[in-house]
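In case it helps, the working numbering puts the sequence shown at residues 2 to 128.
Every residue, glycine too, gets a C-beta built ideally from N, C-alpha and C.
As the structure is a computational prediction, the values presented were derived from the model and not from experiment.
Have a look at the structure below, then the notes.
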Amino acid sequence: MNYDVCIKKSIEYIEHNLNNKIELKDIADNVFLSKYHFHRVFHAVVGEPVAEYIRKRRLMAAANELLNTNSKIVDIAFKYQFSSQEVFTKAFKRLYGIPPREFRINRSSVTLISSKNKITSKLSIAA
């Protein structure tokens, strides 16, 4: 399996499991690589570690829910595997520059860019 296919398949796995616990070993097993080799390949191709990619994708999905649902912030935090609303708020603010409540109230105009689409486009160009 070439690495582009490996990364695409791993991103699909991550996307389908954003609201579940995701272990590096499970992703690596899904693409038939050791977790150490997979981590190095993913970081080299995507430009960030697997855990950081997953964290950003979860925050992006949560931001979308904040804008399009009336779900409680704490429920969204737990849905996307954050250990508490405080941890979620801190991570959200670090990525978007404002806390989730303010983001929702202001119907923020922050662009919700999908990393998945950017990476898959980059892989398609390289192929």
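V6 classed as buried or exposed, judged by whether at least 16 other C-beta atoms fall within 10 angstroms = Locating residue 6 in the sequence shown gives position 5, where the first residue counts as 1. Exposed, by the Cβ-count rule.
Should the region 32 to 44 be regarded as contacting the region 65 to 79, the criterion being three or more beta carbon pairs within less than 8 Å?
-> Verdict: no, contact absent.
Which residues mark the beginning and the end of the alpha helix (DSSP H) in which Y14 is found?
-> As a working note, residue 14 is residue 13 in the sequence shown. Looking at the DSSP string, the run of the alpha helix (DSSP H) that includes Y14 is 4 to 17.
Going by the CB atoms, is the gap between R56 and L19 shorter than 8 Å?
-> Here residue 19 corresponds to residue number 18 of the sequence shown, with the count starting at 1. Here residue 56 corresponds to residue number 55 of the sequence shown, with the count starting at 1. Going by C-beta atoms, L19 is not nearer than 8 Å to R56.
Exposed or buried, S84, counting other C-beta atoms within 10 Å across all chains shown (16 or more means buried)?
-> By one-based count along the sequence shown, residue 84 stands at place 83. With fewer than 16 other Cβ atoms within 10 Å, it is exposed.
For L34, which of helix, strand or coil comes out of DSSP?
-> In the sequence shown, counting from the first residue as 1, residue 34 sits at position 33. Coil.
What number of angstroms, rounded off, separates the C-alpha of I23 from the C-alpha of I106?
-> For this step, residue 23 is matched to residue 22 along the sequence shown. For this step, residue 106 is matched to residue 105 along the sequence shown. So the two alpha carbons sit approximately 31 Å from each other.
Reducing DSSP to helix, strand and coil, say where Q86 ends up.
-> Locating residue 86 in the sequence shown gives position 85, where the first residue counts as 1. In this structure, Q86 counts as helix in the three-state DSSP scheme.
Over the uninterrupted alpha helix (DSSP H) stretch that includes P100, give me the two end residues.
-> Here the question's residue 100 lines up with position 99 in the sequence shown. Where P100 is concerned, there is no enclosing alpha helix (DSSP H), given that its DSSP letter is neither H nor E.
Which runs of the alpha helix (DSSP H), 4 residues or longer, sit entirely within the region 43 to 84?
-> 51 to 69, 74 to 80
How would you call A52, buried or exposed, if buried means at least 16 neighbouring beta carbons within 10 angstroms?
-> Walking along the sequence shown from the start, residue 52 turns up at place 51. Under this definition A52 is an exposed residue.
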